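Line order of the protein sequences matches chains A, B, C and D. Quick note on numbering: my numbering labels position 35 of the first sequence as 35, and the sequence is numbered without any gaps. One gets my numbering by counting positions in the second sequence from 1 and adding 331 to each. One gets my numbering by counting positions in the third sequence from 1 and adding 474 to each. One gets my numbering by counting positions in the fourth sequence from 1 and adding 1127 to each. Cβ atoms here follow ideal geometry from the backbone N, Cα and C, with glycine treated the same way. These figures come from a predicted structure and were not determined experimentally.
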Amino acid sequence: MAEKEYAYYTGCSLEGTAVEYDMSMRQVFKALGVGIIEPEDWSCCGSTPAHTVDRVFAAALAARNLTIIEKMGTGIVTVPCPSCLSVLKRAHLGMTQDESFRNEVNELLDEPYEGGVVPKSTLQVMLEDVGLDAIASKVTHALPGLVVAPYYGCILTRPPEIAQFDDPENPVSMDKILEAVGVKVADYAFKLECCGAAFGVPKRDMVNRLTYRVLSMALEAGANCIAVACPLCQQNLDLRQGQVNSTMGSSFNLPILYFSQIVGLTYGLSPKELGMDKLVVSADDIVRSRITIEELAQREANAKAAEAEAKAAEKLKKAKAKEEDTKTEET
Amino acid sequence: MSEVGPKELRIVGFLCNWCSYGGADTAGVSRFKQPTDLRIIRVPCSGRVDPLFVVKALLNGADGVLVSGCHPRDCHYSDGNFYARRRLEMLKRLLPFLGIDDKRFHYTWISASEGQRWQQTVTDFTKQIHKLGPLHSGKEAQQ
Amino acid sequence: MRVGVFICHCGSNIAGTVDVARAAAELRKVPGVAFATNYMYTCSEPGQDEIKQAIKRENLDRIVVAACSPRMHELTFRRTIEKAGLNRYFLEMANIREHISWVGLDKEANTIKAIETIKMAVAKVMQNKPLYSSSFKINKRVLVIGGGVAGMQAALDCGDGGLEVVLVEKSPSVGGMMARLDKTFPTIDCSICILGPKMVDVAQHDKIKLYAYSEIEDIKGYVGNYEVKIRKKATYVDWTKCTGCGLCMEKCPSKNSYDYFNFGVAPTKAINIPFPQAIPKKAKIDPDFCRQFTKGKCGVCAKICPTGAINYEMQDEIVTEEVGAIVVASGYGLIDMDKFPEYGGGRYPDVITGIQYERLLNASGPTEGHIVRPSDHTEPKTVVFVSCAGSRDKSLGIPYCSNFCCMYIAKQAILTKDHIPDSQSYVFYMDIRSPGKGYDEFTRRAQEDYGAKYVRGRVSRIYPKGKKLVVVGADTLLGTQVEVEADLVVLATAVTAAPGAAQLAEKLHISYDTFGFYVESHPKLRPVETNTSGVFLAGAAQGPKDIPASVGQGSAAAAKVLALFSKDMLESDPAVAKVNENTCVGCLKCKLTCPFGAIQEKELRGGKIVASVIETVCAGCGVCTSTCPCGAIQLSHFTDNQLLAEVNAICQK
Amino acid sequence: MSLDKLKQIITDVMKEVDVVIGYKQGFDPLHATPCFITKPEQVDQVIWNPLCVQNLASYLTSLKKKVGVIVKGCDSRTIVQFMQEGLIDRSKVVVIGIPCTGVVSVRKVLEKVKHEPIEEVKFSDDGMVIVKTPSGETKMALSEVAPDKCETCQYPTPVLYDHLAGEPITSTKDPQSVFKDIEEFDKKSLEEKKAYWEKEFDRCIRCYACRNACPMCVCQDSCIAESREPHWVSQKSNLTEKMMFHMIHALHLAGRCVECGECERACPMGIPVNKLKRKINSDMKVLFGYEPGVKPEDKPPMFTFSVEEKNIEEHKL
């Protein structure tokens, strides 16, 4: 049973290139008891091109969806795609903070938006509404050996006056969620570094260079996997890894997972349900490394016992040596 | 010029000598342009401003009254503006009861270094009074 | 009544946007105005003579000068009319420059505004009464707040001038920021070597009473007679017994105390003497780290102290000092590293601040002058300096330049090369600001003789890569991105107001600006005075400044105090409250609200109770006047009738 | 409450004071008038009934002697307010409190009987007032002719007394609705309110009766309404000056008015002069949680301040 219901605005990516984000996100929400409803007749949020052309028109595209969501009465809409989120939030904040702007935008809409929707990223809902304890409580499996570099991308926390979530320069929300499900998180300095995704077509050489840096810094930080919360980041890092390897002479084989997929794996969900097969760089090794937490506990207990044994042996050896010493002294 | 400029309304400002009057001076020194409606009366402290001065001005022809002192805690006389805050707040709430829009009376805190804030306050308040129009019916705007 | 009106052109400052001739003509029509004229520069000598002559010639008894702000020249013109035989309070000024000609473009509207403003002044001056000052004795002792170089200079100059000085320093030793510096620019002489003797002078001067580790609790009174409460913070060491031998510091088991003096470059002991040259050289316990306080047991220092100076039960003590003037030299602060998340926000140990680097360079610092990385104590070979870390950055609310960072970065780059000859320094800068004697030459030496690479551009980001730090920035001259792999990064963090600056200002009743720096009386002509008479400023409390400027201001403030104290009596401001005993009903609401306790109850012969003002205590705020329901207590020069005259002059329905 | 008990108290109090102020029959059966009892034989003059409308505490500030004074619940607030402002020496005042079940508005009664001469006034036990005039008897409920202040009275029993003539009564009036009339009035449009006051104040004849009747108008003969030094209002008889006078009266009572209603009772023109002060009182309650004349240890809000004012927000333009 759902404790709380959210409107869930998927946006276009999650119906296409990022379908595994959608699949895994829905599964994780289901496991956590978070109810989500997809707004009917939602339309393009207008991300990327619209706001470079016309501010009012861009806001209207987003606000059309907000109007629909407002009528659903959920109060909050959770948005997996940071691009959509940024646009929806920008429209919402602009319209609630400036009356004349609101009137201007509403003039373009069939039905006015009154400002009654709070857009939140799926990360924000997980961290703030569900809470780390609840997230941790559903864990059944462990991924030993996995070290994740959390990669937030450029717009999840910025600009801070729009995002209003997490530290704009050193975000930790994804780190916390992944740590909560028992995954080891690397101290990764390139959490926000531009990967160049938006220039994937016109400036390939630049993107290759930027992507190369993001990937190599993850390796440098000791990670063997990157976690993301953005369809564009995922697509860029995952799909272009081969391209980077061929142009930069590297040999990356770094799985790029949605954080929701990692959480899903620890919840014991099937790789199929989580869309693991949709990834370009295979994450099969990660899936295969999965064990139950009981198994993990057993392994740890074994390791501890072995360690204790070794310690005891060491102690015994020392004691013996001491005994020898005193003996020699006496004599 | 063929056209007559926007007509002035009567706005009276009571400014404390140490902060706000200095702030208005700073705005002047920095050449921050302001509307010309305001007439300034210098007082030592906002605590010197008996609310009755505001009433007197409003009843006798002013369309708006502005009182500005040092920021709370920063009063040259330590507590003067604390008294002013209570008295002027009381007045601000009373005016609409008498049928006078409380937007015609504004009290605020501006320090001697805040020339820009002074410019903004004068500009916004003058705009606000012009939006409300003359307080006294039958009275023509001046100039 | 014969009012004379003098309207100043102020060159074209006023006459450019106000029709002064028309204003004079209009004023001549005002009842009571006997004479009105306009003049090029009324404040000039011939301008003042014109007023004096007109008073005699036209038999004028009240004067209105329409010119600049009374905050500028009221005193000038008061003296003028006094010389011509009028009471100085028969003057009013109409501010037609700052409030009119400089802020309005429309000459017609400005002229009307000026005419009305002058008419208000005329209406008021006709209500003015002659006022006479009385004189009062002054206490010729001076309080200096802050024992940095500016405060010490002020204290020494005042002391040498024969004044008794009370010097209050909030940290355990005098010396301030300068005591922490390694060398000084542009001469590269040793900072503590030139400051040390001054510190000793302060300690040994028979006119200077030093309260170290003390803060101002409360200040009451007025120029000539202040009562100052000083909080002597508990040091847990009896300084009368402490010899500064340092044994306690050696034996203290609590080794991880924060070292305030060294800005946390390395830890110190919970009981410590901040630095070898400290004045006074006394130990102090930091109860946040001391085991006796945190765990309730230890007592090592008490056992070891040869003089038995340790006292864990010590409490703060409040002492009272009476002084006649105050010099505020409370110094500056530095912006926190956490304001720079893009530079790690303090997470990377090898990204440090300029003042921390000074401590690393300093022979008496925690590394004994060896430059090492805080993370692994290895010698850095590539050092990057980032100037304007926070300065000139509106997004952080610091639009101003921090004044001395360009210079100390050049110095630190030079010293880095001196210490580590095979090192390379990079300096990212916005502009090089070196407008002092020998300053520009100095920054060039850093580049030309010491090979520091100056990159004009800002640093966008610093991130760790292995043991190195990658500094990413722009080179705006080449138009490219730059990446430097550094071993150590030094941020020239922005200068801010000292912590607690606002609270101190509130106690002193002086103004501070948006950033917390104290506001001088006039930015050019009264740079060390405040608007509160008897309170003077010195050093970086007024705004970021380097050592020579701070020392200069310290001496300047001392000169002001000496001039003030050159008389035995001060003249009181007669613009104080006065009670009309005939109309006072003795309700004493004025006594309730007076912020200064200047009102007393007085019984007249018939038994009638009335209020009575203690003139020397009254500061002239007028809260009593706006409290009194029957208008019996009136603040002279700002009476109800004077203000009503101004209101009536412009509000006529 | 029995009159005998009151008289007994007065007789006792007489022993320790110079004068006791009470009520006696006035010039006609509808009017009571204050009386000053200095001798025991005068005690019998004393009356108590709903016609005893005057606020006798008003006299306290001008009397130097030791005084006993009879107060109703509402009047007692005057004494508390005097104490807050240090205007009386409490040790020189003996307060004889009367639990009050409500008084009448003489004006309302006269309107009911069309201002005919009054021959007799009786009060029945069931709360009726019977007024006899040449044209016969008129019966009216006490609540019908009560002054407005009785309708929301929160303090039927004096808030402070040394002797209480009767058993304490608790108010049955909703404390939330004390300022209901003020709130209702404030909801009107600015134009309506302005027109209302212009009409009301235009009737003012500047007789100053409201001021003279007000116990809190401490200025007495020094009132700035009649002064030239300072010269706040001119002698012109126009609306502006009349309004100015009433604003002086209202603002001088800001946070001090105990709502005894003497100003309105005294006004020969029937101007609702207490309304402005009640409006300010409603704000004092909201801003400072202050109600005049209730707790002797309170400080009137206009003569003090808090560094952080919890309920005052900075106004934005």
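- For P780/C against L721/C, the beta-carbon gap comes to about 7 Å, under 8 Å, which counts as contact.
- For V507/C, the closest C-alpha among the options P909/C, I537/C, L834/C is that of I537/C.
- Taking the C-beta atoms as reference points, G1060/C is found nearer than 7 Å to I1083/C.
- In this structure V933/C touches V946/C by the C-beta definition: roughly 7 Å separates them, less than 8 Å.
- Exclusion of the five residues before and after S985/C leaves A979, Y992, V993, T1004, N1005 as the residues of its chain whose Cβ lies within less than 8 Å of its Cβ.
- At a cut-off of 7 Å, the C-beta of Y817/C has no neighbouring C-beta in chain A.
- Membership of P1022/C in the alpha helix (DSSP H) is indicated by the continuous run 1021-1038.
- In chain order, R654, L655, D656 place their CB closer than 7 Å to the CB of E832/C, counting only its own chain and leaving out the 5 sequence neighbours on each side.
- When C-beta distances to chain C are compared with 8 Å, the residues of the segment 148-175 of chain A below that value are D167, P168, E169, N170, in chain order.
- Scanning chain C for C-beta atoms nearer than 8 Å to the C-beta of F199/A yields nothing, as the closest lies near 15 Å away.
- Per DSSP, the beta-bridge partners of Q898/C are T856/C.
- Beta-carbon to beta-carbon, K1239/D and T1265/D are separated by about 6 Å, close enough to satisfy the 8 Å threshold.
- The DSSP-derived three-state label of A1340/D is helix.
- Residue-level contact check: W576/C touches chain B, since one or more beta carbons of chain B fall below 7 Å from its beta carbon.
- Cβ neighbours of L808/C within its own chain (closer than 6 Å, five residues either side excluded): T967.
- Between V492/C and S609/C, the C-beta gap is not smaller than 7 Å, which leaves the two residues out of contact.
- F165/A has its alpha-carbon roughly 35 Å from the corresponding atom of N730/C.
- When C1058/C, Q1116/C, T1057/C, A1023/C are compared, the shortest CA-CA separation from F659/C is found for A1023/C.
- For H461/B, there are no C-beta contacts with chain D under 9 Å, since the nearest C-beta of that chain is about 13 Å from it.
- The three-state reading of DSSP puts Q1211/D in helix, counting H, G and I together.
- Around the CB of I1332/D, fewer than 16 other CB atoms lie within 10 Å, so the residue is classed as exposed.
- In the DSSP assignment, the residues bridged to I682/C are V639/C.
- At a cut-off of 7 Å between beta-carbon atoms, T454/B makes no contact with chain C.
- Counting only runs that start and end inside the segment 777-838 of chain C, the alpha helix (DSSP H) elements of at least 4 residues fall at 828-835.
- In summary, K1199/D is buried, with 16 or more beta-carbon neighbours lying within 10 Å of its beta-carbon over all protein chains present.
- Residue pairing by DSSP places A975/C opposite no residue, since no beta bridge is assigned to it.
- In the DSSP assignment, C233/A falls within the unbroken alpha helix (DSSP H) covering 231-239.
- Secondary structure remark: continuous beta strand (DSSP E) runs of at least 3 residues inside the segment 233-295 of chain A, in chain order: 256-258.
- Straight-line measurement puts the Cα of G818/C at about 8 Å from the Cα of M811/C.
- Under the three-state reduction of DSSP, Y151/A is assigned to strand.
- With fewer than 16 other CB atoms across the displayed protein chains lying within 10 angstroms of its CB, P1167/D is exposed.
- With fewer than 16 neighbouring CB atoms inside 10 Å of its own CB, A301/A falls in the exposed class.
- Along the segment 1325-1348 of chain D, the positions whose C-beta sits under 7 Å from a C-beta of chain C are V1345, C1346, Q1347, read in chain order.
- Residue pairing for H141/A: DSSP places it in a beta bridge opposite T292/A.
- For the segment 1354-1376 of chain D, the residues whose beta carbon sits under 9 Å from a beta carbon of chain C are, in order, S1354, R1355, E1356, P1357, H1358, W1359, T1367, I1375.
- When 7 Å is used as the limit between beta carbons, H437/B is near these residues of chain D: H1442, L1444, in chain order.
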